[in-house]
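Report on the following structure.
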Ligand SMILES: NC(=O)C1=CN([C@@H]2O[C@H](COP(=O)(O)OP(=O)(O)OC[C@H]3O[C@@H](n4cnc5c(N)ncnc54)[C@H](OP(=O)(O)O)[C@@H]3O)[C@@H](O)[C@H]2O)C=CC1
Ligand SMILES: N[C@@H](CC=O)C(=O)O
Ligand code: NA
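Residue numbers (UniProt numbering): 1 to 426.
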């Protein structure tokens, strides 16, 4: 038997799939129990089709999705165009045409995943998307299959390859922001709209999907507080180093007694934290649970071959079942009611970067504000930065989100003081 697949889009990830099917064909066929063959490739237009043919690609390129939807020999559709439309329409149509679908499209899954999964169920087919979260790290299937006996309490993740690559190059090698972003795009790590990478949006999409697999709850994308790497200044990086931390863009999902909370924010990680050593395009998902306790899953978060490998692994899972005529299992079966945590239940330490006049009593003003909120200092660092100005960095002890909001407001309104930045501390 041969399983025919159709690919939508011929970009970075999609063009890695023929490589794997060829280089690792023997193992793939043995694992799937059947040959897997690319029957059709959807490309944008005739010009792209002619260009690909001229480059020597010998596939049947089509420019109209109906050529794939109406082809009864195609069992699996792989969507690798990205973004919401027309991907959403094409996936819906493929599922309605009783074709299984594999995608790496976190934007779409984070916002419309529930609707698409319902279309799949209604049509007796499945939708798999291991590549959507941390490209090459096999995290979703691990959470769905190997954590069934465990209760996860927290996930911390460096889940965007582009921003982590950029931060590493800027901090360790002194590259500019623009140089680092251009290289991340050239290497195929960045999204077609890299705003999603640098503003924490791509990471927030992944956090939504991780919340479903790890906690059985669907946090709405709008409810994931997210901030990117643009507001991290060289001063913050320097101060972090002085105080014993490194800064990374970290996604966090926690379950507290009152419910669940998720955010993606620049974070101070102690230098000896496992996530602190995750550099470049590497990603990691750190899972805390009552059974396994602590486990970290580490690997390339982006890039052609790592991501294509996750896509093909999904295809093999599907092909195995199709070949045996089995009903294929849903990708994730863990669901429960989504309940959000209250602010009182969200307790963290924070870094406050403050500028003020370098004169007696200034630190006392700050100490009074913190004391009024019943929050104490863990570390304080002060230095003269010229022109009679002082830079003060405070690492606080733990406070809840209400106390944090109140302190931010009070420091911002304190005459003669500028609150330059606040960053969560793990
Ligand atoms: N790159 C990576 O490392 C990773 C990517 N992903 C996800 O994988 C997906 C693909 O990413 P990637 O390969 O990097 O993206 P690319 O932008 O490199 O590839 C997408 C391709 O799809 C084409 N395309 C877009 N719309 C259409 C259309 N209507 N008809 C036909 N072709 C179309 C694009 O053409 P054109 O160039 O003309 O727009 C482009 O060639 C995205 O969802 C991304 O988020 C997930 C994990 C890692
Ligand atoms: N643009 C994304 C690609 C993988 O999801 C990233 O950089 O992580
Ligand atoms: Na993955």
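For each residue, glycine too, the CB sits at the ideal point set by N, CA and C. Model, not experiment: these values are computed from the prediction.
Less than 9 Å between the beta carbons of residue 400 and residue 347, yes or no?
yes
Less than 9 Å between the C-beta atoms of residue 301 and residue 188, yes or no?
For the 9 Å CB-CB criterion, residue 301 and residue 188 do not form a contact.
Own chain residues within Cβ distance below 6 Å of residue 81, not counting five before or after:
8, 9, 87
Could you tell me the distance, in whole angstroms, from the CA atom of residue 195 to the CA atom of residue 201?
Taking C-alpha positions only, residue 195 is separated from residue 201 by approximately 8 Å.
Among the candidates 256, 133, 280, whose CA atom is the shortest distance from the CA of residue 212?
Nearest option by C-alpha distance: 133.
Could you check where the beta strand (DSSP E) with residue 395 kicks off and where it finishes?
389-396
Kindly provide the chain-ordered list of residues whose Cβ lies closer than 6 Å to any non-hydrogen atom of ligand 2.
By the rule of a C-beta closer than 6 Å to any heavy atom of ligand 2, the residues picked out are 135, 160, 161, 162, 189, 190, 191, 197, 202, 301, 302.
Using DSSP's beta-bridge definition, name the partner residues of residue 333.
Answer is none; residue 333 lacks a bridge partner.
Compare the C-alpha of residue 281 against each of 94, 102, 167, 66 and name the closest.
Distance from the Cα of residue 281 is smallest, within the candidate group 94, 102, 167, 66, for 167.
Give, in chain order, every unbroken run of the beta strand (DSSP E) that is at least 3 residues long and sits entirely within the segment 133-199.
The segment 133-199 contains these whole beta strand (DSSP E) runs: 152-158.
Spatial neighbours of residue 369 within its chain, please: C-beta separation below 8 Å, excluding the five flanking residues on both sides.
These residues qualify, in order along the chain: 407, 410, 411, 414.
Where residue 327 falls, given that 16 or more other Cβ within 10 Å makes a residue buried
exposed
Taking 7 Å as the limit between beta carbons, can you name the residues of its chain near residue 49, skipping five residues before and five after?
43, 61, 63
Return the chain-ordered list of same chain residues with a C-beta closer than 6 Å to the C-beta of residue 297, the five sequence neighbours on each side being excluded.
137, 139, 285
Given a cut-off of 9 Å on the beta-carbon distance, is the pair residue 94 and residue 40 in contact?
no
Cβ-based burial, residue 241 [other Cβ within 10 Å; buried from 16]
exposed
Closest Cα partner of residue 355 within the set 392, 329, 365
Of the candidates 392, 329, 365, the one whose C-alpha sits nearest the C-alpha of residue 355 is 392.
Give the range of the beta strand (DSSP E) segment to which residue 75 is assigned.
74-79
Rounded Cβ spacing between residue 158 and residue 164 (contact assumed at less than 8 Å)
5 Å
N- and C-terminal bounds of the alpha helix (DSSP H) containing residue 112
106-122
Just to confirm, is the Cβ distance from residue 427 to residue 230 under 9 Å?
A question about residue 427 goes unanswered here, because the residues of the chain that appear run from 1 up to 426.
Assuming residue 99 contacts residue 126 under a Cβ cut-off of 8 Å, what Cβ separation, rounded to an integer in Å, is found between them?
Not confirmed; about 10 Å, so no contact.
In angstroms, rounded to a whole number, what distance separates the CA positions of residue 12 and residue 190?
10 Å
Under 9 Å between C-beta atoms, does residue 128 make it to chain D?
In summary, chain D is missing from the structure at hand, where a single protein chain is found.
Contact between the segment 21-39 and the segment 96-111 (3+ Cβ pairs under 8 Å)
no
Just how far apart, CA to CA, sit residue 223 and residue 252?
13 Å
Mapping DSSP to helix, strand and coil, what is residue 258?
DSSP places residue 258 in coil when its eight states are reduced to three.
Excluding five sequence neighbours on each side, which residues of the same chain lie with their C-beta closer than 6 Å to the C-beta of residue 103?
79, 129
At which residue ranges does the segment 341-367 contain complete alpha helix (DSSP H) runs of 4 or more residues, listed in the order of the chain?
none
Answer with buried or exposed for residue 404, where buried requires no fewer than 16 other C-beta atoms within 10 angstroms of its C-beta.
It counts as buried.
What would DSSP say about residue 4, mapped onto helix, strand or coil?
strand
Going by C-alpha distance, which of 330, 315, 233 is nearest residue 75?
315
According to the neighbour-count rule (16 or more other Cβ atoms, all chains shown, within 10 Å of its Cβ), is residue 192 buried or exposed?
With fewer than 16 other Cβ atoms within 10 Å, it is exposed.
Where residue 321 and residue 124 are concerned, what is the direct C-alpha to C-alpha distance, given to the nearest angstrom?
13 Å
Would you mind working out which of 92, 147, 372, 36 sits nearest residue 484, comparing C-alpha positions?
Not covered by the structure: residue 484. The range shown for the chain is 1 to 426.
For residue 424 and residue 265, which I take to be in contact (beta-carbon distance under 8 Å), what is that distance rounded to the nearest angstrom?
6 Å
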